[in-house]
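J.: Residue numbers (our numbering): 2 to 163.
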């Protein structure tokens with residue numbers, strides 16, 4: 002039975018560390034599969050679009066993502082291509098809360114389209130081409146694996162000239 006994991010909050014130093022790759026041989030081990038189930042359960046219960054392993058205290062390169070009623074894992078993800086085109090949209094994060102304990106939202110500039118290679122929960126090599134919201138979620142979650150939070154990338158909104 003999956004269990005709920007504690008989500009670390011900024012400024013916990015674990016959130017700022019670069020995560021290590023997962024050994025392919027470890028992916029099918031019962032304890033790793035159990036961790037994946039717990040990570041997924043935590044993301045669902047906390048109503049997140051995604052959750053990265055460092056957010057629950059493990060500095061390993063694993064994220065779980067929820068998009069269009071699909072849930073999938075990206076293990077050792079590498080973004081291999083980014084579109085030149087970018088867009089600014091609001092983002093929030095389960096690890097970045099206000100003093101009242103509410104999620105903070107802020108505008109972040111991201112690439113509109115990306116390609117990403119990764120291993121799935123069975124250790125199979127996969128490739129995804131993502132755009133719009135899914136591309137944004139993947140970029141946000143993979144940033145966590147490098148110790149980067151969305152608040153480090155808040156867009157400078159220029160006022161429109163009259």
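Beta carbons are placed, not taken as given, at the ideal position from N, Cα and C, and that holds for glycine.
1) How far does the alpha helix (DSSP H) with residue 33 in it extend, from its first residue to its last?
2) Residue 29: beta carbon under 8 Å from a heavy atom of the ligand ZN?
3) Excluding the 5 residues flanking residue 148 on each side, which residues of the same chain have their C-beta closer than 6 Å to its C-beta?
4) Is the separation between the beta-carbon of residue 80 and that of residue 121 shorter than 9 Å?
5) Please work out which residues of its chain come closer than 8 Å, Cβ to Cβ, to residue 25, disregarding the five sequence neighbours upstream and downstream, and give them in chain order.
6) Beta strand (DSSP E) containing residue 1: first to last residue?
7) Given residue 104, which residues of its chain have a CB within under 8 Å of its CB, disregarding the five upstream and five downstream residues?
T.: Well, looking at it:
1) Position 32 of the chain shown, counted from the start, is the residue given in the question as residue 33. For residue 33, the uninterrupted alpha helix (DSSP H) segment begins and ends at 31-46.
2) The ligand ZN is absent from the structure shown, which contains no ligands of any kind.
3) Reading the chain shown from its first residue, position 147 is the one you call residue 148. Result list for residue 148: 17, 18, 19, in chain order.
4) Position 79 of the chain shown, counted from the first residue, corresponds to residue 80. Position 120 of the chain shown, counted from the first residue, corresponds to residue 121. Cβ atoms of residue 80 and residue 121: not closer than 9 Å.
5) Here residue 25 refers to the residue found at position 24 when the chain shown is read from its first residue. So the list reads 120, 124, once near-sequence residues are dropped.
6) Residue 1 is absent from the structure shown; the chain starts at 2 and stops at 163.
7) Residue numbering aside, residue 104 sits at position 103 when the chain shown is read from its first letter. Once the five neighbours on either side are set aside, the close Cβ partners of residue 104 are 93, 94, 95, 97, 98.
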